[in-house]
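> One structure follows; several queries about it will come next.
There are 2 protein chains.
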Amino acid sequence: EGTGFDCSRLTARLLFLNEADKLKLITRASMLGDGSRHENSAEHSWHIMLYAWVLAEHSAAPLDLDRVLQMLLLHDLVEIDAGDAPIHGVIDPAALEALAAKEEAAADRLFGLLPAGQGMPMRAIWDEFEAAETADAVFAKSIDRVQPVMLNLLNGGGSWVDYDVNLPQLEARVGKKVNLGAPGVWRSVRDRIEPWFRETGRL
Amino acid sequence: EGTGFDCSRLTARLLFLNEADKLKLITRASMLGDGSRHENSAEHSWHIMLYAWVLAEHSAAPLDLDRVLQMLLLHDLVEIDAGDAPIHGVIDPAALEALAAKEEAAADRLFGLLPAGQGMPMRAIWDEFEAAETADAVFAKSIDRVQPVMLNLLNGGGSWVDYDVNLPQLEARVGKKVNLGAPGVWRSVRDRIEPWFRETGRL
Ligand SMILES: [Ca+2]
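These protein sequences, in sequence, are chains A and B.
First residue of the first sequence? That's 1254 in our numbering, and the numbers climb one at a time after it.
First residue of the second sequence? That's 1254 in our numbering, and the numbers climb one at a time after it.
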């Protein structure tokens, strides 16, 4: 505290935190549970951290929950530069590749704002989430996928209507990944959503 | 997994997570950094978790950062029933007491939705935050107070204009508490905001 060096570390940190504020402006495809508006990526990140904590017992593999929470806290920051890519949006391989490059550049820029001793370990956690290979990352990805399903169920269809999604498509794009990290959660959630897909002729 | 008992725990958890979604509807006094709209308590909670992590080095006392993040993840949930009380709003002792009772009832209801083995430790973490006695809680409270200051500075005054706040009032209501948990942060932030208070005749 009080040295010039500390002061410049603090300045860098406050600049990063000011940038992070912009994640509240990134709109997602999902609506809130009450259907009143679209969700943004900052409040989504908060919500799925709570999901991860509350649902940790249902993980397929033993977890380091603190690490999962760190992953989810950081996971969408790159959207400040790269935007959110809706899971049910049309994605061709070239566009996917361009998006991945944009997200890498965003991670370079954003984590690069921090003192290196802090930004580099954070970047490593984001890389681990993206790679989706460790048990923590697989569970974190499951949680990221299942929360919008619960919102759609609450608000009467949400992005399933907007993107004209049927149950086999949802199984392929969402269910398969939720199942990897939290199979019991997917079994139960699938039972809850099936009536909606049946009633709307989307089985 | 798969037993009736597990299934009912999962049902309780999903109900709690559906309720938690409503925190996104609670509007705070602060505007976002770009001044485009008011902040909500869910995205605020996300932002201050990032603040806590990034600023942990500046804590007055040694921390359990994982516990601080858990505190901040939960700390505003009671606002779903009790609403947000703006720090610069007029508060008489009777209203404060009524609000505290409303928040206690909200904590009973919300954490009571979870299986007891999970809801009770979460409630204990919320109680610890409210009591503001442990080092983790004191730091968490500091962080909760300093983030709106940074937003106001970004958006040109924000709630300081709306509530007609001068610098001595800010020192009493905010600075004193930030100083308890993160004195170096308050010194630096105070230097950054003083010009605004000087220029607007609010010293
Ligand atoms: Ca995303």
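For each residue, glycine too, the CB sits at the ideal point set by N, CA and C.
Computed from a prediction, not measured in an experiment: that's the story for all the values here.
(1) Rounded to the nearest angstrom, how far is the Cβ of Ser-1412 (chain A) from that of Ala-1282 (chain A), given a contact under 8 Å?
(2) Please state the DSSP three-state secondary structure of Ser-1294 (chain B).
(3) Compare the C-beta of Asp-1274 (chain A) against all C-beta atoms of chain B and say whether one is closer than 8 Å.
(4) According to the neighbour-count rule (16 or more other Cβ atoms, all chains shown, within 10 Å of its Cβ), is Lys-1394 (chain A) buried or exposed?
(5) Can you pull out the residues from the stretch 1415 to 1444 of chain B whose beta carbon lies closer than 9 Å to at least one beta carbon of chain A?
(6) When you compare the CB of Val-1307 (chain B) with every CB in chain A, is at least one pair closer than 8 Å?
(7) Determine whether the beta carbon atoms of Val-1458 (chain A) and Glu-1356 (chain A) lie at a separation below 8 Å.
(8) Using DSSP with H/G/I as helix, E/B as strand and the rest coil, what is Ala-1314 (chain B)?
(9) Taking CB distances under 8 Å as the criterion, tell me whether Asn-1405 (chain A) reaches chain B.
(10) Bridge partners for Asp-1284 (chain B) per DSSP, in chain order?
(11) Ignoring anything shorter than 4 residues or poking outside the stretch 1346 to 1373 of chain A, list the alpha helix (DSSP H) runs there in chain order.
(12) Look at the alpha carbon of Val-1431 (chain A) and the alpha carbon of Gln-1323 (chain B), and state the distance between them as a whole number of angstroms.
(13) Thinking Gly-1492 (chain B) and His-1311 (chain B) are a contact (beta carbons under 8 Å), I'd like their distance in whole angstroms, please.
(14) Where do the N-terminal and C-terminal ends of the alpha helix (DSSP H) with Asn-1405 (chain B) fall, by residue?
(15) Could you check whether Ala-1309 (chain A) and Leu-1318 (chain A) sit closer than 8 Å to each other, using their CB atoms as the reference points?
(16) When you compare only the Cα positions, how much space is there between Val-1418 (chain A) and Gly-1454 (chain A)?
(17) Say whether chain A places a C-beta atom closer than 8 Å to the C-beta of Gly-1288 (chain B).
(18) At a Cβ threshold of 8 Å, is Met-1302 (chain A) touching chain B?
(19) In angstroms with no decimal places, state the Cα-to-Cα distance between Phe-1269 (chain B) and Ser-1289 (chain A).
(20) Using a Cβ cut-off of 8 Å (strictly closer), state whether Asp-1361 (chain B) contacts chain A.
(21) Rounding to the nearest angstrom, what Cα-Cα distance links Phe-1258 (chain B) and Ala-1369 (chain B) in this structure?
(22) Nearest CA to the CA of Pro-1448 (chain B): which residue from B:Leu-1406, B:His-1328, B:Thr-1264 and B:Gly-1286?
(23) Establish whether the CB of Lys-1277 (chain B) and some CB of chain A are separated by less than 8 Å.
(24) Starting from Asp-1337 (chain B), find everything on chain A with Cβ-Cβ shorter than 9 Å and list it in chain order.
(25) Do you know whose CA, among B:Pro-1346, B:Val-1414, B:Ala-1305 and B:Lys-1277, lies nearest Gln-1400 (chain B)'s CA?
(26) Just the Cα atoms here: how many angstroms apart are Trp-1379 (chain A) and Leu-1352 (chain A)?
(27) DSSP on Val-1427 (chain A), reduced to helix/strand/coil?
(28) Name the chain A residues that come within less than 7 Å of Glu-1296 (chain B), Cβ to Cβ?
(29) How many Å lie between Gly-1342 (chain A) and Ile-1333 (chain B) at the Cα?
(30) Between the beta-carbon of Leu-1267 (chain A) and the beta-carbon of Met-1375 (chain B), is there less than 8 Å?
(31) Short check: CB of Ser-1298 (chain A) to CB of Trp-1439 (chain B), under 8 Å?
(32) For chain A, check one thing: does any of its Cβ atoms lie closer than 8 Å to the Cβ of Arg-1376 (chain B)?
(33) Residues of chain A with CB closer than 8 Å to the CB of Arg-1266 (chain B), please, in chain order.
(34) With a threshold of 8 Å on Cβ separation, who are the neighbours of Tyr-1458 (chain A) within its own chain once the five nearest residues in sequence on each side are excluded?
(35) Am I right that Leu-1363 (chain B) and Ala-1265 (chain B) are in contact with their C-beta atoms under 8 Å? What's the rounded C-beta distance?
The relevant details are as follows:
(1) 4 Å
(2) helix
(3) yes
(4) buried
(5) Listed in sequence order: Pro-1436, Gly-1437, Val-1438, Arg-1440, Ser-1441 and Val-1442.
(6) yes
(7) In the structure displayed, chain A extends from 1254 to 1456; residue 1458 (chain A) sits before or after that span and is not available.
(8) coil
(9) no
(10) A quick correction: the sequence has Met, not Asp, at residue 1284 (chain B). Beta-bridge pairing links Met-1284 (chain B) to B:His-1291.
(11) 1346 to 1364
(12) So the alpha carbons of these two residues sit roughly 24 Å apart.
(13) Within the shown structure, residues of chain B are numbered from 1254 to 1456, placing residue 1492 (chain B) beyond reach of any answer.
(14) 1388 to 1408
(15) yes
(16) 11 Å
(17) no
(18) yes
(19) 20 Å
(20) no
(21) Per-residue confidence for Phe-1258 (chain B) stands at a pLDDT of 48, beneath the threshold of 50, marking its modelled position as unreliable; no derived number is given.
(22) Per the Cα distances, B:Leu-1406.
(23) yes
(24) Per Cβ cutoff of 9 Å: no residues; Asp-1337 (chain B) is ~14 Å from chain A at best.
(25) B:Ala-1305
(26) 16 Å
(27) helix
(28) Near Glu-1296 (chain B) (Cβ distances below 7 Å), the residues of chain A are Lys-1277, Asn-1293, Ala-1295, Glu-1296 and Trp-1299.
(29) 32 Å
(30) Not in contact: Leu-1267 (chain A) and Met-1375 (chain B) (Cβ atoms no closer than 8 Å).
(31) no
(32) Cβ-Cβ to chain A under 8 Å: no for Arg-1376 (chain B).
(33) Val-1307 and Leu-1308
(34) No answer is possible for residue 1458 (chain A): the residues shown for chain A start at 1254 and end at 1456.
(35) Actually they do not touch by this definition, with Cβ atoms about 12 Å apart.
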